[in-house]
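A short write-up of the structure that comes next.
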Amino acid sequence: GGMNNLSVEEKVTVKSKNLNVLDEYSKSKRKKSANFVVIGHVDAGKSTLMGRLLADQGAIDQRTLDKYRKEAEKIGKGSFALAWVLDQGSEERARGVTIDIATNKFETDNTAFTIVDAPGHRDFVPNMIAGASQADFAVLVIDSSIGKFESGLKGQTKEHALLVRSMGVQKIIVAVNKMDAVQWDKERFTEIEQQISSFLTTAGFLEKNISFIPCSGVLGDNITRRSEEANASWYRGRTLIEELETSEPYTHALDKPLRMTIGDVFRGGVQNPISISGRLDAGSLQIGDQILTMPSGEKALIRSVEVDSEPSDWAVAGQNVTLNLANIDPVHLRSGDVVCRASAPIPTITTFTAKVLAFEHLMPMLVDVHRGRLHVPARISKLVASLDKASGAALKKRPKIVSPGTVARVVVEMDQAVPLEAPTRIVLRSGGTTVAAGLLE
Ligand code: GDP
């Protein structure tokens, strides 16, 4: 067509700068991004600790904090102010207290952190599974105070740790919290460290990927600044924020084929009629690249790129990105679809084997497979074996039933072809409850 009758079929062209993206990335001053999930027993101090982290890192302004404090004092819960930074739960609303959720992002000099799934909800496990499926690592919060550590162990501490490990999370930072309540007793800390460490290694975490920090979320000790308590002087290790920072380098698959799971699809902007957002799971991309979306098999052109809402010429695995696209009809783009390249497309499959942690009894049964926001009707067609949690070795072959708390290898058949490949994190649900979660093999 000529210049004056631009039709819908007219292909947009965008000049590529032909950058070596991995070179650009290693030269760039752009902060690394990392997602983590916070786990632990109810009342361990998760919300308070994360509120402290956000406040100390300047992610929340003083006025907002003061507002929380006032609201909290009004109902006689002054110490809850920090927790409210994160809590947006129904309990507060039920008391007629309305507080805008502030943020779940904060930055250090080197890294932009996102707390995936801010804690605070009573009905925590379903949220946590969603969070764990995007997490680079986990922070396990333990209440060190007398009696509480012990009841936490019987409660959700172990369940949560096992869950994140089953979802493929390899690194775990243990915040041994409320150390102020036990006068920074070193022996107490060591005892907790030994018990948790022995549990975590049985759950399949490698010793080198586990670290312990004695801290107090409420006082801010050993969170972003070293504790000044005389009783705490025996601890010479890292603060929580230092440990978060050293969790780098995150093993994002920069040199692997491009994979990006579409989170949201936006349409209708004048400048950018079709945009998709999501996290880059693997590989890299740049303006002018041709992409392939699966399962539609349609191609599109990248007109422009945003990383953490800032314009960029390129993006790499681990970053949260928005891609403005051309030459594609948005009917081919859905949340849960996968962006890749024609040279290395993601396979679409109907059957897979997965290693999962069972929350309910598993047997050949109907389930929904959830991967991020994508969900597909399916059935567990075969129980291959129950497995040892630490080594993954088969304990029992072809069991008739797998009981809750067991790790098992199962075969799943889906009702439709889905773009999926190992080691994707998946969740199996049935009748509205989560029955298992784990990794595609
Ligand atoms: P969550 O359920 O794990 O999110 O726990 P919260 O953050 O809501 O805290 C539960 C209770 O423990 C609250 O009363 C907090 O004030 C208290 N708490 C939190 N952190 C600390 C701490 O470091 N020391 C002490 N002594 N109490 C704390």
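Residue numbers (our numbering): 2 to 442. Glycine included, C-beta positions come from ideal geometry on N, C-alpha and C.
CB of residue i within 8 Å of CB of residue j, strictly
i      : j      : result
ILE242 : ILE211 : no
LEU281 : MET261 : yes
PHE353 : VAL413 : yes
SER289 : LYS16  : Checking the sequence, you will find Gly at residue 289 rather than Ser. It is a contact, given that the beta carbons lie within the stated cut-off.
THR203 : LYS390 : yes
VAL39  : MET51  : yes
ASN36  : ASP137 : yes
SER427 : ALA355 : Per the sequence shown, residue 427 should be read as Ile rather than Ser. In contact: ILE427 and ALA355 (Cβ atoms closer than 8 Å).
LYS398 : ALA386 : yes
VAL340 : LEU255 : no
VAL22  : GLN287 : yes
GLU322 : GLY373 : It is Val, not Glu, that sits at residue 322 in the sequence shown. Cβ atoms of VAL322 and GLY373: not closer than 8 Å.
ALA327 : LEU302 : yes
LYS47  : VAL165 : no
GLY432 : LEU375 : no
Candidates the options, of which the one nearest residue i by Cα
i      : options                        : result
ILE329 : ALA423, ILE61, ILE275          : ILE275
THR225 : LYS356, THR191, GLU108, GLY269 : GLU108
ASN19  : LEU363, ALA343, TRP315         : TRP315
GLY393 : GLY156, GLU160, SER167, GLY433 : SER167
ARG406 : VAL357, ILE427, MET366         : Sequence inspection shows Gly at residue 406; the Arg mentioned does not correspond to that position. Nearest of VAL357, ILE427, MET366 to GLY406, Cα basis: VAL357.
MET366 : ARG430, SER297, ARG268         : ARG430
GLU520 : ASP144, LEU220, ALA231, GLN184 : The structure shown does not extend to residue 520, since the chain is modelled only from 2 through 442, so no value can be given for it.
GLY238 : PRO424, GLU246, ILE214         : ILE214
ASP309 : PHE114, THR14, ASP62           : PHE114
THR351 : GLY279, ILE61, SER198, GLU422  : GLU422
GLY169 : GLN135, ARG380, TYR236, LYS106 : GLN135
HIS333 : ALA60, ARG268, VAL140          : ARG268
LYS155 : ALA418, GLY41, GLU311, VAL403  : GLY41
TYR236 : LEU245, ASP222, SER248, THR247 : ASP222
ALA139 : VAL368, GLU244, LEU388         : GLU244
Residue i to residue j span [Cα, whole Å]
i      : j      : result
ARG410 : LEU396 : 11 Å
GLU442 : ALA345 : 19 Å
THR49  : MET415 : 42 Å
ILE277 : ASP265 : 6 Å
LYS32  : GLN171 : 22 Å
SER152 : ASP181 : 19 Å
PRO420 : LYS300 : 15 Å
ASP57  : GLY218 : 11 Å
VAL177 : ILE116 : 19 Å
ASN325 : ARG335 : 15 Å
ILE446 : SER297 : Nothing about residue 446 can be read from this structure; the chain reaches only from 2 to 442.
GLN272 : GLY439 : 41 Å
LYS28  : GLY270 : 33 Å
PRO331 : GLN291 : 16 Å
PRO424 : ALA437 : 16 Å
ASP62  : ALA133 : 28 Å
PRO348 : MET295 : 9 Å
THR158 : ILE263 : 32 Å
LEU54  : LYS383 : 45 Å
HIS371 : GLU229 : 46 Å
LYS466 : THR434 : The first residue shown for the chain is 2 and the last is 442, placing residue 466 beyond what the model contains.
LYS313 : VAL377 : The question names Lys, but residue 313 in the sequence shown is Ser. Each residue's alpha carbon lies about 34 Å from the other.
LEU220 : ALA60  : 18 Å
ASP369 : ARG227 : 47 Å
PHE150 : ARG64  : 35 Å
Which of helix, strand or coil DSSP assigns to residue i
i      : result
ARG54  : The sequence shown places Leu at residue 54, not Arg. Helix.
ASN328 : coil
ALA133 : helix
GLY218 : coil
SER248 : coil
ARG374 : coil
GLY264 : strand
GLU307 : strand
VAL183 : helix
ASP67  : helix
ARG430 : strand
GLU321 : Position check: residue 321 holds Asn in this sequence, whereas Glu was assumed. ASN321: strand per DSSP, three-state reduction.
ASP24  : helix
SER199 : helix
VAL170 : coil
SER387 : strand
THR112 : strand
SER34  : strand
VAL165 : helix
SER145 : coil
LYS257 : coil
ILE193 : helix
GLY205 : coil
8 Å Cβ cutoff, residue i in contact with chain B
i      : result
SER276 : Checking the listed chains, one finds no chain B in this structure; it contains a single protein chain.
Residue i beta carbon near the ligand COA (any heavy atom closer than 7 Å)
i      : result
ALA162 : By its list of ligands, the structure shown excludes the ligand COA, since it contains just the ligand GDP.
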